[in-house]
Amino acid sequence: MSYEKELAAAKKAATLAARLCQKVQKALLQSDVQSKSDKSPVTVADYGSQALISFVLERELPSEPFSLVAEEDSGDLHNESGQETLKRITEYVIDTLASEETYDSSSITKEDVIRAIDSGKSEGGSSGRHWVLDPIDGTKGFVRGDQYAIALALLHEGKVVLGVLACPNLPLASIGSNHQHSSSKDAGCLFFATIGEGTYMQALDGSSPTRVYVTATDNPAEASFFESFEAAHSSHGLSSSIAEKLGVKAPPVRIDSQAKYGALSRGDGAIYMRFARKGYREKIWDHAAGSIVVTEAGGMVTDGAGNPLDFSKGRFLDVDSGIIATNQKLMPLLLRAVKESLNEKASSL
Ligand SMILES: Nc1ncnc2c1ncn2[C@@H]1O[C@H](COP(=O)(O)O)[C@@H](OP(=O)(O)O)[C@H]1O
Ligand SMILES: [Mg+2]
Ligand SMILES: [Mg+2]
Ligand SMILES: [Mg+2]
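For the sequence shown, my numbering assigns the number 3 to the initial residue and increments by one for each residue that follows.
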């Protein structure tokens, strides 16, 4: 099956959303950060990106039923303090869409924006098609001025068949631990993958796509690994004990968001490890786009026990002890090291 139309729409939506996010990040004031009830910072850009992507997908694919599983909902925008935020979100959406000549965005109202945000309430599941969206993945990185990603994927019969990752601050050149970080003017990557058709990267501001591949190395001594910047999201202690067992020499590369999957897909490093604290449930929008970007580049993404990720169970992604990604040669070694380290940890408790 071809997903050409869907891919074109997803790339357009993510690229426009990235533009909106970049504008907000530039103008980021303390007042742009609103506290959601779970205390994670949510910004004008999270909502704006979600609304904009919902608009673009619906307009570009009018003949398809539209189901969207997305992270944000408009709850916090309905109270009084949300009104100013909603006004600004609407302005950002109108302004960003105005750059697209084919859209008449001037008539978009605050109510349209609320509706677009709340179209993301779908539960997903194993039948039909569902878009899966993280409007800003790595909100903490976004607020810090670091890495973040707009992550959009399409599920078909419970499987991820398409993924797009826009990473506005990711350098076009490698960010592996052996590389110097280049200046931010050479940043802004768009990764995309369709099932069976490989993974490609292009510059967000337009360039022809090039096919990317995960690293071919089978030698852990020359492998480096990615993990969350935020220690609260993933145990840095566990990953370093696994890396040591494997014989990885390079220090971890810690960055926010699914930009890690993008970097892995083009071989910047060889391994990605994520071990959330016990009781934390992973969400499908945090991994759907990233996982297909890595698998179509020749890599593997599994949970810590080696099971494939199952995106067909609704909004949550239930995993057995973490999420890991690497190439096919290193995966057996990585799985063994994960198992040993988890056993040691369990017996030391
Ligand atoms: N305690 C926790 N453990 C694991 N992941 C968490 C977490 N709290 C938040 N997250 C998730 O981690 C994501 C960021 O990933 P990373 O750590 O790779 O940068 C967040 O996405 P959002 O920023 O979209 O909310 C959020 O969904
Ligand atoms: Mg969040
Ligand atoms: Mg996220
Ligand atoms: Mg998010």
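All C-beta atoms in this analysis are idealised placements derived from N, C-alpha and C, irrespective of residue type, glycine included.
Just so it is clear, the structure is predicted and the values come from calculations on it, not from any experiment.
Query - Span separating the alpha-carbon of ALA15 from that of GLU342 - result: Numbered from its first residue, the sequence shown carries residue 15 at position 13. Numbered from its first residue, the sequence shown carries residue 342 at position 340. When only Cα atoms are considered, ALA15 and GLU342 end up about 43 Å apart.
Query raised in the report: Nearest-angstrom Cα distance between TRP287 and ILE257?
Result: Working through the sequence shown from its first residue, we reach residue 287 at position 285. Working through the sequence shown from its first residue, we reach residue 257 at position 255. Taking the straight line joining both Cα atoms gives about 18 Å.
Query raised in the report: Going by the beta-carbon positions, is the gap between GLY165 and VAL295 smaller than 8 Å?
Result: Indexing the sequence shown from 1 puts residue 165 at position 163. Indexing the sequence shown from 1 puts residue 295 at position 293. Result yes, Cβ atoms of GLY165 and VAL295 sit closer than 8 Å.
Query raised in the report: Do the CB positions of LEU340 and GLY306 come within less than 8 Å of each other?
Result: Stepping through the sequence shown from its first residue, residue 340 is reached at position 338. Stepping through the sequence shown from its first residue, residue 306 is reached at position 304. First, the residue type needs correcting, since residue 340 is Val and not Leu in the sequence shown. Cβ atoms of VAL340 and GLY306: closer than 8 Å.
**Report entry** 8 Å CB neighbourhood of LEU59 in its chain, flanking five on each side removed
**Finding:** In the sequence shown, residue 59 corresponds to position 57, counting from 1. For LEU59, the CB contacts under 8 Å within the same chain, skipping 5 residues up- and downstream, are ALA11, ALA12, ALA15, PHE68, LEU70, TRP133 in chain order.
**Report entry** Neighbour-count burial assignment, HIS80, 16 or more Cβ in a 10 Å radius
**Finding:** If you number the sequence shown from 1, residue 80 lands on position 78. Exposed is the call here.
Query raised in the report: When DSSP labels each residue in this structure, what does TYR274 get in the three-state scheme?
Result: Here residue 274 corresponds to residue number 272 of the sequence shown, with the count starting at 1. TYR274: strand per DSSP, three-state reduction.
Requested in this report: Check whether the stretch 272-287 touches the stretch 222-231, counting contact only when three or more Cβ pairs, one atom from each stretch, lie closer than 8 Å.
Outcome: Touching, yes.
Query raised in the report: Say the cut is 7 Å; is the CB of GLY62 nearer than that to a heavy atom of ligand 3?
Result: Stepping through the sequence shown from its first residue, residue 62 is reached at position 60. In the sequence on display, residue 62 carries Glu and not Gly. No, since every heavy atom of ligand 3 falls outside the 7 Å radius drawn around the Cβ of GLU62.
Query raised in the report: If we count Cβ pairs, one from each stretch, closer than 8 Å, do we get three or more for the stretch 81-95 versus the stretch 45-57?
Result: The stretch 81-95 and the stretch 45-57 touch, with no fewer than 3 CB-CB distances between them shorter than 8 Å.
Query raised in the report: Can we count ASP288 as close to ligand 1, meaning its CB is less than 7 Å from some heavy atom?
Result: Mapped onto the sequence shown, residue 288 falls at position 286. True, at least one ligand heavy atom lies under 7 Å from that Cβ.
Query raised in the report: Does the beta carbon of GLU73 fall short of 7 Å from some heavy atom of ligand 3?
Result: In the sequence shown, the residue the question calls residue 73 occupies position 71. At least one heavy atom of ligand 3 is nearer than 7 Å to the Cβ of GLU73, so yes.
Report task. With hydrogens ignored, establish whether the beta-carbon of PHE318 is closer than 7 Å to any heavy atom of ligand 1. Result -> The residue you call residue 318 lines up with position 316 of the sequence shown. Because no heavy atom of ligand 1 lies under 7 Å away, the Cβ of PHE318 does not count as near it: no.
Query - Three-state secondary structure assigned by DSSP to ASN345 - result: Sequence index remark: in the sequence shown, residue 345 carries index 343 (1-based). Assigned with DSSP and collapsed to three states, ASN345 falls in helix.
Requested in this report: Tell me whether PRO352 is buried or exposed, calling it buried when 16 or more other Cβ atoms sit within 10 Å of its Cβ.
Outcome: Outside the shown range of the chain (3 to 351) lies residue 352, about which nothing can therefore be said.
Query raised in the report: On the premise that PHE144 lies in contact with THR17, defined as a C-beta separation below 8 Å, what is that separation, rounded to the nearest angstrom?
Result: For the purposes of this step, residue 17 is identified with residue 15 of the sequence shown, where counting begins at 1. For the purposes of this step, residue 144 is identified with residue 142 of the sequence shown, where counting begins at 1. 17 Å between Cβ atoms; not a contact.
Requested in this report: For TYR282, count neighbouring C-beta atoms within 10 Å of its own C-beta (all shown protein chains included) and say buried if the count is 16 or more, exposed if not.
Outcome: Translated into the one-based positions of the sequence shown, residue 282 becomes position 280. Residue environment: TYR282 is assigned as exposed (fewer than 16 neighbouring CB atoms within 10 Å of its CB, all protein chains considered).
**Report entry** Closest Cα partner of LEU9 within the set LEU30, ARG90, GLU199
**Finding:** In the sequence shown, residue 9 corresponds to position 7, counting from 1. LEU9 has its Cα closest to that of GLU199, out of LEU30, ARG90, GLU199.
Requested in this report: Check each candidate in GLN27, MET203, SER237, ARG279 and name the one with the smallest Cα separation from GLY292.
Outcome: What you label residue 292 is simply residue 290 of the sequence shown in a count that begins at 1. When only C-alpha atoms are compared, the closest one is MET203.
Report task. Compute the minimum distance between the beta carbon of THR141 and the heavy atoms of ligand 1, and state whether it is under 7 Å. Result -> One-based indexing of the sequence shown puts residue 141 at position 139. Checking every heavy atom of ligand 1 against the Cβ of THR141, one is found closer than 7 Å.
Query raised in the report: If we call anything under 8 Å between Cβ atoms a contact, is TYR5 one with THR304?
Result: For this step, residue 5 is matched to residue 3 along the sequence shown. For this step, residue 304 is matched to residue 302 along the sequence shown. No.
Query - Nonlocal neighbours in the same chain, by C-beta distance under 6 Å from ALA265, ignoring five residues either side - result: For the purposes of this step, residue 265 is taken as the residue at position 263 of the sequence shown. For ALA265, where only same-chain residues beyond five positions count, the Cβ hits under 6 Å are ILE177.
Report task. Can you say whether ASN345 is buried or exposed, counting buried as having 16 or more other CB atoms within 10 angstroms of its CB? Result -> Taking the sequence shown and counting its residues from 1, one reaches residue 345 at position 343. A residue is called buried when at least 16 other Cβ atoms come within 10 angstroms of its Cβ; ASN345 does not meet this threshold and is exposed.
Query raised in the report: Just curious, the alpha helix (DSSP H) that GLU93 is in, first and last residue?
Result: Reading the sequence shown from its first residue, position 91 is the one you call residue 93. Residues 82-99.
Query raised in the report: Given a threshold of 16 other Cβ atoms within 10 Å of its Cβ, counted over all protein chains shown, does THR111 qualify as buried or as exposed?
Result: As a position in the sequence shown, residue 111 is number 109, starting the count at 1. By the neighbour-count criterion, in which 16 or more other beta carbons inside 10 Å mark a residue as buried, THR111 falls on the exposed side.
Query raised in the report: Can you give the Cα-Cα distance for LYS262 and SER350, rounded to whole angstroms?
Result: Residue numbering aside, residue 262 sits at position 260 when the sequence shown is read from its first letter. Residue numbering aside, residue 350 sits at position 348 when the sequence shown is read from its first letter. Their backbone Cα atoms lie some 30 Å apart in a straight line.
Query raised in the report: Would you call the CB atoms of LEU88 and GLY50 closer than 8 Å?
Result: Residue numbering aside, residue 88 sits at position 86 when the sequence shown is read from its first letter. Residue numbering aside, residue 50 sits at position 48 when the sequence shown is read from its first letter. No; because the gap between Cβ atoms is not below 8 Å, this pair is not in contact.
**Report entry** Whole-number beta carbon distance between LEU240 and PHE277, since they are thought to touch under 8 Å
**Finding:** Residue 277 sits at position 275 when you count from the first residue of the sequence shown. Residue 240 sits at position 238 when you count from the first residue of the sequence shown. PHE277 to LEU240, Cβ: 5 Å. Contact.
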